[in-house]
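Student: Everything in the sequence shown is counted per the working numbering, starting at 80 for the first residue and increasing by one.
Beta carbons are placed, not taken as given, at the ideal position from N, Cα and C, and that holds for glycine.
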Amino acid sequence: MKKILSLLSLVVVLAFSSCIDQEYPLWDGSLVEFQDAVVRTPVAGQNYPRITVNNKVGTVSLQVNLVAPQRASDETINYTVVPEGTTAVSGTDYSVSGSLVIPANSSTGTLTVNVVDTGALGGSVDLLLRLDGNASISPSENYKQVQIRITR
80 MKKILSLLSL VVVLAFSSCI DQEYPLWDGS LVEFQDAVVR TPVAGQNYPR ITVNNKVGTV
140 SLQVNLVAPQ RASDETINYT VVPEGTTAVS GTDYSVSGSL VIPANSSTGT LTVNVVDTGA
200 LGGSVDLLLR LDGNASISPS ENYKQVQIRI TR
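(1) Would you call the stretch 200 to 212 and the stretch 154 to 168 touching, i.e. three or more CB-CB distances under 8 Å?
(2) Which one of Ser85, Ala116, Asp172, Val92 has the shortest CA to CA distance from glycine 202?
(3) Quick one: which unbroken beta strand (DSSP E) runs of 3-plus residues sit fully inside the stretch 115 to 146? Chain order, please.
(4) Tell me whether alanine 167 is buried or exposed, calling it buried when 16 or more other Cβ atoms sit within 10 Å of its Cβ.
(5) Taking proline 148 as the reference, give the member of Asp196, Asn193, Leu110 with the closest Cα.
(6) Taking the alpha-carbon positions, what's the aspartate 153 to phenylalanine 113 distance?
(7) Report all residues from its chain with a CB closer than 8 Å to the CB of valine 180; omit the five preceding and five following residues, and keep chain order.
(8) Can you tell me whether DSSP reads leucine 206 as helix, strand or coil?
(9) Go through its chain and collect everything with a Cβ distance to valine 117's Cβ below 6 Å, but skip five positions before and after it.
(10) Which first and last residues belong to the beta strand (DSSP E) in which valine 180 is found?
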């Protein structure tokens, strides 16, 4: 009798709980984020990761993700070099364009940093990049920065 009562109670609970109408909120925003910021551990005391490269690497390619439905046309995403986290000198240690393109019908774009071979000077310099987005796509607050450490 105990088993039948338990089974009957279970059936009643399942029957009533399956009838609840649930409205899940849908997010309809558009963000961009660095893939490296998503998958790498942040630098101690900071909210961005650091990628270490040798100055002989030539170029560093950083994947930028579009967190939104894919667009029918190309999207130009702006980014800046953050002076507070940068000791590298533009033109001497690196060069960047300030924007990248996420192609139409794609969820990713590539930010390219050209690293200048300054020879074996010793030490390292840092380059902190921040995504700014554009008029319709904002940067993700948690994943908008990446620092590149260039060893010499």
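Tutor: If we stick to the structure as given:
(1) With the cut-off at 8 Å, the stretch 200 to 212 and the stretch 154 to 168 touch.
(2) For glycine 202, the closest of Ser85, Ala116, Asp172, Val92 by C-alpha to C-alpha distance is Asp172.
(3) Taking only runs of at least 3 residues, the beta strand (DSSP E) segments lying wholly in the stretch 115 to 146 are 129 to 133, 138 to 146.
(4) A residue is called buried when at least 16 other Cβ atoms come within 10 angstroms of its Cβ; alanine 167 meets this threshold and is buried.
(5) Of Asp196, Asn193, Leu110, the residue nearest in Cα terms is Leu110.
(6) Between the alpha carbons of aspartate 153 and phenylalanine 113 lies a distance of about 18 Å.
(7) Correct list, in chain order: Asp153, Glu154, Thr155, Ile156, Gly188.
(8) DSSP, reduced to helix, strand and coil, places leucine 206 within a strand of the structure shown.
(9) Tyr222.
(10) Unbroken beta strand (DSSP E) run through valine 180: 178 to 181.
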